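What follows is the structure, given as structure tokens:
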């Protein structure tokens, strides 16, 4: 697993900290790491060069040099710069004043044009429009059948032909039909090939001439490597683009291709495909992609959530309690509540970089947390503060009161004891060991 | 056009960018210094070779000065270094009891079905009997696409309804091949992203069920990788390998990219042999990967 940029920068700055104030040369070292992180995320080389230069300007300011956490400062700057480069979120498809709006989908083989065409049709249909799909990919075996099948699933008409016909002629025929049937959106799925193929470019130009689409969208695989720049550039120069749709974002590609494409074409990324199912096409979020390019998971929103759940004064109070070893069942309950108020445990774990993938198959039983709370709620205040009161008959009462079994009560008590032990060790500097907390198995 | 010339043509784009760049950096007897090394590193990385493998190459160029001298020029030294990176040829060979079962896997859009079609044509041209299993029951019209290839190549097709159980299709195909005494079974599976745990489990099941029909099968588990993918190709190979023990890689669409560097990276970092190379749309453009030919075609 690749290390996140944040971790790497922390490492570098830690080494430098002993030397007093940071110097400009130290920032250079950090920028080298930024460069490697971007390259490993498949951002194009030239784009990286320009990008690092612009980050350098901002990173040599006072804010970073005098900061106690320069690593985080640099990450923040890089993150902001990426967001800026990627542009805003509200780049929707513009509808034509005189319908139908014609959308032409272009891209390389296997980038996901046919599936994305169908997904787009679904979005329009949900908005209450009357889309039509055009199967103008007459190259790939069974591409027409694929679109017909998808059209059936969505209940969207597909215009196609089994005869010998040029894709351009088929497309203009489709336009006529769309007008007759009062279709307001026409999505043309074109053939993909390798973009070096002049024949394909000619074919696409012809379709464009015959249908004058309002939006020509490049469908690009988010896993594309350094070649992304050439692909985007060629399509933009030869055919002309209004925007980009990134596909296969549900994989673990860092998605640096997005940066390259945006930098080279200046055209907005309008949507991203996040799954095989037809409802998995989402608006594009630059900030999420920025975190991803940097290998940070979604740490930013995790931090935000944690900050809103905890305020400093409370944290301090808890800290004191831990020191005084007066950690009670009430405190345990409060902690559990806070964690749960941040969202489902699974979604929280998913935001932690590196951990998300590893825990993919771990099932966390949220009900266990409810049980623990119920047990604690059924204790008397004095029991909550002094576990030694909990004899057999009290435990039985608690079990009945909380609708659990005595064994459940025993387990909660045991977990509490273990947690206390752990906190003691923590205080004594013996290192931290994960206690056997309910729900984690 | 001879086979080698075809390869050369397929690699034209990579050669122009990678070799053109190397010649440019070391033109006019330029020495190895910090500047030229940095330029070279940029060039290697921008060919999708990856940061790690690129710095490995740079390091050896920097440290083994006497070897560079022996080689005659930085270019010749690089040629031998890169040949070493690729190792020995490990082509796709049929062995053992009939049928030889090839399980084909990969992410969406890598070119699995096309690769299978070409592979089937190649085997039937060699006079072998081939059974194709349409176990991609998920993607719309995937079965029809394979059907067209079976007609083109003269291979038999075993299929079920769309949405059926892929493991059952694979099982039927192996059973049918055993009965008919066919030489080869090629199983097409639905494209899946390597990060989807349930889908990887499904692949494991397909393999388990195949083994019920034939314990030694699949003799070959072929991962199809799109050469235009960047460093994510490594992750794909890593995770597919973890799930179902990949025995070889078919690298497709190499002619569509100027960035063939991933060839070196996969071999160096994962040790999984590249067995097949897709360098064009024609049937004969799917060929055995021969490192020596590859380097010769690249360095021209």
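Protein chains in written order, with our numbering: chain A, 1 to 441; chain B, 1001 to 1300.
Backbone N, C-alpha and C fix where the C-beta goes; we use that ideal spot for every residue, glycine too.
Quick caveat, the model's predicted, so the values are computed rather than measured.
Measuring only the C-alpha atoms, how far is residue i from residue j?
i: residue 1023 (chain B); j: residue 1081 (chain B); result: 16 Å
i: residue 1149 (chain B); j: residue 1114 (chain B); result: 8 Å
i: residue 1171 (chain B); j: residue 1050 (chain B); result: 39 Å
i: residue 1283 (chain B); j: residue 267 (chain A); result: 37 Å
i: residue 377 (chain A); j: residue 1197 (chain B); result: 38 Å
i: residue 410 (chain A); j: residue 379 (chain A); result: 13 Å
i: residue 1018 (chain B); j: residue 202 (chain A); result: 28 Å
i: residue 406 (chain A); j: residue 412 (chain A); result: 10 Å
i: residue 265 (chain A); j: residue 1079 (chain B); result: 35 Å
i: residue 1096 (chain B); j: residue 1128 (chain B); result: 15 Å
i: residue 260 (chain A); j: residue 42 (chain A); result: 9 Å
i: residue 1152 (chain B); j: residue 234 (chain A); result: 33 Å
i: residue 132 (chain A); j: residue 1164 (chain B); result: 29 Å
i: residue 1007 (chain B); j: residue 263 (chain A); result: 33 Å
i: residue 1118 (chain B); j: residue 1286 (chain B); result: 7 Å
i: residue 33 (chain A); j: residue 275 (chain A); result: 32 Å
i: residue 83 (chain A); j: residue 293 (chain A); result: 11 Å
i: residue 1065 (chain B); j: residue 1144 (chain B); result: 57 Å
i: residue 1092 (chain B); j: residue 1288 (chain B); result: 7 Å
i: residue 336 (chain A); j: residue 1259 (chain B); result: 51 Å
i: residue 59 (chain A); j: residue 50 (chain A); result: 14 Å
Reducing DSSP to helix, strand and coil, say where residue i ends up.
i: residue 335 (chain A); result: helix
i: residue 356 (chain A); result: Residue placement at residue 356 (chain A) cannot be trusted, given a pLDDT of 43 that sits under 50; what the coordinates show is reported in the next sentence. DSSP places residue 356 (chain A) in helix when its eight states are reduced to three.
i: residue 282 (chain A); result: strand
i: residue 1109 (chain B); result: coil
i: residue 1019 (chain B); result: helix
i: residue 401 (chain A); result: helix
i: residue 1259 (chain B); result: coil
i: residue 1049 (chain B); result: coil
i: residue 1225 (chain B); result: strand
i: residue 1189 (chain B); result: strand
i: residue 133 (chain A); result: strand
i: residue 210 (chain A); result: helix
i: residue 159 (chain A); result: strand
i: residue 43 (chain A); result: coil
i: residue 1100 (chain B); result: strand
i: residue 1288 (chain B); result: strand
i: residue 1174 (chain B); result: helix
i: residue 440 (chain A); result: Low local confidence applies: a pLDDT of 38 at residue 440 (chain A) is under 50, so the model's placement there is unreliable, with the coordinate-based value given in what follows. Of the three classes helix, strand and coil, the one that applies to residue 440 (chain A) here is coil, per DSSP.
i: residue 1126 (chain B); result: coil
i: residue 267 (chain A); result: coil
i: residue 59 (chain A); result: helix
i: residue 252 (chain A); result: coil
Taking residue i as the reference, give the member of the options with the closest Cα.
i: residue 114 (chain A); options: A:219, A:128, A:95; result: A:219
i: residue 86 (chain A); options: A:278, A:407, A:270; result: A:270
i: residue 1137 (chain B); options: B:1190, B:1104, B:1240; result: B:1190
i: residue 420 (chain A); options: A:386, A:409, A:392; result: A:386
i: residue 79 (chain A); options: A:384, A:287, A:367; result: A:287
i: residue 245 (chain A); options: A:237, A:238, A:212, A:280; result: A:280
i: residue 1223 (chain B); options: B:1062, B:1131, B:1200; result: B:1200
i: residue 1218 (chain B); options: B:1195, B:1248, B:1192; result: B:1248
i: residue 1211 (chain B); options: B:1259, B:1178, B:1192; result: B:1178
i: residue 1204 (chain B); options: B:1185, B:1166, B:1181; result: B:1166
i: residue 1055 (chain B); options: B:1278, B:1265, B:1277; result: B:1265
i: residue 1162 (chain B); options: B:1141, B:1146, B:1155; result: B:1141
i: residue 1292 (chain B); options: B:1108, B:1083, B:1231, B:1112; result: B:1083
i: residue 1125 (chain B); options: B:1183, B:1048, B:1027, B:1279; result: B:1183
Run the CB neighbour count on residue i, radius 10 Å, all protein chains shown included, and call it buried at 16 or more, exposed below.
i: residue 1234 (chain B); result: buried
i: residue 179 (chain A); result: exposed
i: residue 353 (chain A); result: Because the pLDDT of residue 353 (chain A) is 48, which lies under 50, any placement of that residue in the model is unreliable, and the number read from its coordinates should be weighed accordingly. Result: buried.
i: residue 171 (chain A); result: buried
i: residue 384 (chain A); result: buried
i: residue 417 (chain A); result: exposed
i: residue 400 (chain A); result: exposed
i: residue 119 (chain A); result: buried
i: residue 1100 (chain B); result: buried
i: residue 1 (chain A); result: No answer about residue 1 (chain A) holds up, because its pLDDT of 34 lies below 50 and its placement is not dependable.
Heavy atom of the ligand COA less than 7 Å from the Cβ of residue i, yes or no?
i: residue 1082 (chain B); result: Ligands are entirely absent from the displayed structure, and the ligand COA is therefore not among its contents.
Three CB pairs or more closer than 8 Å across the stretch 276-293 of chain A and the stretch 240-257 of chain A: yes
Three or more C-beta pairs below 8 Å linking the stretch 1269-1284 of chain B and the stretch 1066-1079 of chain B: no
Validate contact between the stretch 143-161 of chain A and the stretch 226-246 of chain A using beta carbons, cut 8 Å, 3 pairs: no
Stretch pair the stretch 1121-1133 of chain B + the stretch 101-116 of chain A: three plus CB contacts closer than 8 Å: no
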